[in-house]
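Top to bottom, those sequences are chains B and C.
The opening position of the first sequence corresponds to residue 1 in the working numbering, with each subsequent residue numbered one higher.
The opening position of the second sequence corresponds to residue 216 in the working numbering, with each subsequent residue numbered one higher.
We treat Cβ as the ideally placed atom computed from N, Cα and C, and that holds for glycine.
Let me begin by presenting the structure, written as structure tokens, before commenting on it.
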Amino acid sequence: MNIFRLAGDMTHLASVLVLLLKIHTIKSCAGISLKTQELYAIVFATRYLDIFTDFISLYNTIMKLIFLGSSFSIVWYIRQHKIVRRSYDKDQDTFRYVFIVLPCIFLALIINEKFTFKEVMWTFSLYLEAVAILPQLVLLQRTRNIDNLTGQYVFLLGAYRALYILNWIYRYFTEPHYIHWIPWIAGIVQTLLYGDFFYYYFHSWKNNKKLQLPA
Amino acid sequence: EKQDSGKDEL
């Protein structure tokens, strides 16, 4: 465990918990894409298949349980909670699942480290995580403004990705045999997707005005 | 092990 990895995990944790707590407190999910949240729930469910079979550390197991619990709780709030679900704008959240999920299944089947069920599912989760933010970014573009909630959420997710890249660089130079092309490339693609968003985020922050994304 | 050295990541 290095400082980049720990900081990355903590910003990742913060992004999910901030979202969950805010939805719980303000009883609204306005501006949040249910599709992105469902894709993240699938990401955690397919990546952590080893949770009960391979013990890595107490930290690792607890974090996995928190990510699974919080991501499914967010989906439950948006779909089932009698007040929160009314604030979900289904008509704006139109990104099609198939355009994201099918290419990820296809890629995971042909490009993986080992052709076993667990390994293919793990690889699928990496590809899916890389693009799962797309429905949220499309929703942001469509509504053309983001409140603090959505802004902080996407900012924390972006920070998590950037810190993970630093973690990989650190581990590459400090650990023997630490080479993992699949998570690295998927992770870089995911980080690049945030780049565009960050430009506008910082721009609006610098000018101290509400963020407006271009059409 | 080489194959699993990154599986401790979340």
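- Rounded to whole angstroms, V75 (chain B) and Y97 (chain B) show a C-alpha spacing of 15 Å.
- Taking a contact as a CB-CB distance under 8 Å, the pair L157 (chain B) and G31 (chain B) does not count as one, their CB atoms being some 15 Å apart.
- By the 16-neighbour rule on beta-carbons within 10 angstroms, T94 (chain B) is exposed.
- By the C-beta criterion, the stretch 33-42 of chain B is judged to be in contact with the stretch 124-144 of chain B, since at least 3 inter-stretch pairs fall below 8 Å.
- Bounds of the alpha helix (DSSP H) holding R142 (chain B) are 134-143.
- For the C-beta of Y153 (chain B), not a single chain C residue is nearer than 7 Å; the gap to the nearest is close to 18 Å.
- Counting other Cβ atoms within 10 Å of its Cβ, R86 (chain B) stays below 16 and is therefore classed as exposed.
- Here the alpha carbons of D91 (chain B) and A7 (chain B) stand approximately 36 Å from one another.
- Closer than 8 Å to the CB of Y172 (chain B) there is not a single CB belonging to chain C.
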